[in-house]
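Under our numbering, the sequence shown has 182 at position 80, and the numbering climbs by one with no breaks. Note that the Cβ used here is the ideal one computed from N, Cα and C, for glycine as well. Data block below; observations after.
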Amino acid sequence: MTTGKPTSARRSGLGMFLLSLTGGGVIAGGAIALFENVGIFLPSWLAGIAAVLVGGLTMLWSRGWWSRVDEGVREAHKTAWYWGGSVGMVPVMGLAAALLFDRSDAALDRFALAPGDGGLILTGIVVTLILQLTGYGLFWAGWWFSRSR
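Below, the structure written as C-alpha cells:
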C-alpha cells in the first residue's frame, strides 16, 4: 500500500542517499585513521554500535523509498531478492557442507580477511553477502530484461 504518489526509482533520492552513506563512511574512516595514527584506538563495541545505527537509519530510509516507488520496481526487487538471494545461498551451503565433512585438518586462517577467529567469521559473512548480492543483481537485471522486450 502506497502512502503517496508512486515515482520511479531514479527520482526517489536513492543516489543522494547512497552518496551520503559513502561520504559518511569516508569521513568516519578518515577520522579513525587519524586517531589510530596518533595512537588512539577506538573500542570495537563503538564500531558495532555505529554499524547498527547506520543499518537502522538505512531501514528507516528504505521504508520511505519503498512507499514512493512504483509497483514494477517493487516486484523487480522482491523477485531479485527471493530468487537471486536464494540462488546465491546454494554455493554457501555447498561450501558449508564441504567444510563440515573436511577431515584434512587444513588451516583455514589463510582465507581469513582479518586475523583470528573473528576474521574467519567475517570472511564467511562477506562471501555469503557477495554471493547473495551477485544473485540478486543477476535476477534483478533478468527481471527488467524479460519485461523490456
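- For SER206, there is no enclosing alpha helix (DSSP H), as DSSP marks it with neither H nor E.
- Across the structure, ALA130 and LEU162 are spaced so that their CA atoms are roughly 21 Å apart.
- By the Cβ neighbour-count rule, LEU136 is exposed, with fewer than 16 other Cβ atoms within 10 Å of its own.
- Distance from LEU235 to TRP167 at the Cβ level is roughly 18 Å; contact not present, criterion being Cβ atoms closer than 8 Å.
- Between the alpha carbons of GLY126 and GLY186 lies a gap of roughly 29 Å.
- The stretch 221–228 makes no contact with the stretch 137–152, as fewer than three CB pairs between them are under 8 Å.
- Just so you know, the alpha carbons of ALA243 and GLY158 end up roughly 27 Å apart.
- If you compare the alpha carbons of SER164, GLY237, PHE247 with that of MET118, the shortest gap goes to SER164.
- DSSP places VAL140 outside both helix and strand once states are collapsed to three, so it counts as coil.
- In the DSSP assignment, GLY218 falls within the alpha helix (DSSP H) that extends over 218–249.
- For ALA214, the secondary structure class from DSSP, reduced to helix, strand or coil, is coil.
- Taking the Cα of LEU240 as reference, the smallest distance to any Cα among SER188, PHE213, GLY196, LEU123 is reached at SER188.
- The three-state reading of DSSP puts PRO193 in helix, counting H, G and I together.
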